[in-house]
Amino acid sequence: MRVVIADDANAVAKASAQILCQQMIEQPSSVLGLATGSTPVMLYRELVRRYRAGLVCFSEAKSFNLDEYVGIDPKHHQSYHYFMQHHLFDHINIDPMAIQVPQGLSDPNIECQRYEAAIASAGGIDLQVLGLGANGHIGFNEPTSSLASRTRIKTLTEATVAANARFFKPQERQPSMALTMGIGTIMEARHILLLATGEHKAESVKAMIEGPVCAMHPASVLQFHPTVTIVLDVGAASLLNSQQYFYWVEKMRAETTPEKRENS
Ligand code: F6R
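Residue 133 in my numbering sits at position 130 of the sequence shown, with consecutive numbering throughout.
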């Protein structure tokens with residue numbers, strides 16, 4: 004696990020955009036796994052800025068989003084389809100035919116199988132972007148999810164529904180079920196890039212990095228992945244016992260030639 008502690012949310016967006024753009028430069032036909040939620044919004048803004056500045060090109064990229072609400076129309080302003088169009092896809096040159104978000108209106112079981120098959124036929128995910136739930140969820144794999152799970156329907160916890168209520172108008176029906184890539188699906192990505200910001204994520208971050216691996220904290224499974232980069236701001240990193248070590252590692256990396264750098 005590589006853990007980068009950045010000064011603030013803006014620095015988290017810049018550091019994670021740098022990693023994603025490097026991936027695109029090294030492999031223009033990369034398959035990206037993308038997340039929604041508040042945390043990656045600044046990353047997407049930075050990607051759009053870099054695209055407009057001619058620093059990155061997405062014309063050969065493919066993308067798969069982690070999740071979508073069950074029963075929601077892709078045109079609904081709270082669907083994850085809409086979110087991705089609004090924050091990223093409408094502003095970069097990714098091929099609209101190369102974008103996939105689970106279809107919330109399709110038969111869920113058929114859709115989950117189709118989604119897994121589509122990821123496999125694209126050759127798997129090269130770089131998967133993740134946010135982190137305060138309860139440890141990744142995608143919508145809530146605590147007690149099987150660490151080997153595949154894309155499927157999950158019932159959200161009351162806490163997750165409450166955390167996401169801020170996005171819905173008071174009179175709007177808020178879905179409580181989602182289609183989500185499974186933990187096994189996520190773990191097959193070749194590189195995982197997880198972002199977390201704010202002190203309200205600090206306990207979850209600590210459990211993910213320094214706690215035992217367990218289904219009660221799904222993100223802890225990332226300890227088993229060989230190539231994970233976690234980018235935190237100081238608030239999200241504030242409870243880590245290993246903070247000084249992570250700063251030290253980054254200092255050493257900066258002083259070492261790229262050829263000698265470790266990846267994880
Ligand atoms: C969204 C997703 C979720 C979020 C998580 C954190 O596609 O998969 O796991 O990443 O709920 O959300 P924010 O960033 O809003 O705190």
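Note that the Cβ used here is the ideal one computed from N, Cα and C, for glycine as well. Note that the structure is a prediction, hence the values are computed from the model and not measured.
Based on Cα-Cα distance, which residue from the options lies nearest to residue i?
| i | options | result |
| --- | --- | --- |
| residue 125 | 7, 36, 183 and 21 | 36 |
| residue 154 | 7, 185, 163 and 177 | 185 |
| residue 99 | 162, 62 and 215 | 62 |
| residue 75 | 218, 178 and 228 | 178 |
| residue 141 | 15, 197 and 173 | 197 |
| residue 28 | 151, 243 and 60 | 60 |
| residue 50 | 32, 72, 80 and 18 | 18 |
| residue 48 | 73, 32, 148 and 21 | 21 |
| residue 245 | 151, 232 and 209 | 209 |
| residue 23 | 6, 195 and 257 | 195 |
| residue 43 | 133, 231 and 89 | 133 |
| residue 90 | 52, 57, 120 and 117 | 52 |
Which residues mark the beginning and the end of the beta strand (DSSP E) in which residue i is found?
| i | result |
| --- | --- |
| residue 19 | Counting along the chain, residue 19 falls outside any beta strand (DSSP E), though it belongs to the alpha helix (DSSP H) covering 12-29. |
| residue 199 | 194-199 |
| residue 67 | 65-68 |
| residue 180 | 180-183 |
| residue 172 | That residue, residue 172, is in no beta strand (DSSP E); it is neither H nor E in DSSP. |
| residue 59 | From DSSP, residue 59 is part of no beta strand (DSSP E); its letter is neither H nor E. |
| residue 131 | 130-133 |
| residue 34 | 34-37 |
Could you tell me if the beta carbon of residue i falls within a distance shorter than 7 Å of some heavy atom in ligand 1?
| i | result |
| --- | --- |
| residue 207 | no |
| residue 152 | no |
| residue 223 | no |
| residue 36 | no |
| residue 143 | yes |
| residue 70 | yes |
| residue 140 | yes |
| residue 185 | no |
| residue 134 | yes |
| residue 41 | yes |
| residue 83 | yes |
Throw me the rounded Cβ distance for the residue i and residue j pair, which I believe falls under 8 Å.
| i | j | result |
| --- | --- | --- |
| residue 211 | residue 135 | 7 Å |
| residue 65 | residue 34 | 5 Å |
| residue 25 | residue 129 | In fact, because the Cβ distance is near 12 Å, the residues do not count as touching under 8 Å. |
| residue 70 | residue 182 | 6 Å |
| residue 146 | residue 221 | 6 Å |
| residue 39 | residue 13 | About 20 Å; that fails the 8 Å criterion. |
| residue 227 | residue 216 | 7 Å |
| residue 207 | residue 137 | 5 Å |
| residue 107 | residue 72 | 5 Å |
In the DSSP assignment, find the alpha helix (DSSP H) that holds residue i and state where it starts and stops.
| i | result |
| --- | --- |
| residue 209 | 205-213 |
| residue 167 | 161-167 |
| residue 188 | 186-190 |
| residue 122 | 111-124 |
| residue 86 | 83-90 |
| residue 50 | 44-55 |
| residue 238 | 237-240 |
| residue 155 | Unbroken run through residue 155 is the beta strand (DSSP E), 155-158; no alpha helix (DSSP H). |
| residue 257 | 246-258 |
Say whether chain B places a C-beta atom closer than 8 Å to the C-beta of residue i.
| i | result |
| --- | --- |
| residue 131 | The chain labelled as chain B is not found in the depicted structure, where only one protein chain is given. |
(request) Examine the Cβ distances between the segment 82-93 and the segment 143-160 and report whether three or more of them are shorter than 8 Å. (result) With fewer than three CB-CB distances shorter than 8 Å, the segment 82-93 does not count as touching the segment 143-160.
(request) Take every Cβ of the segment 239-256, pair it with every Cβ of the segment 193-206, and state whether three or more of those distances are shorter than 8 Å. (result) Contact check between the segment 239-256 and the segment 193-206: three or more CB pairs, one atom from each, fall below 8 Å, which counts as touching.
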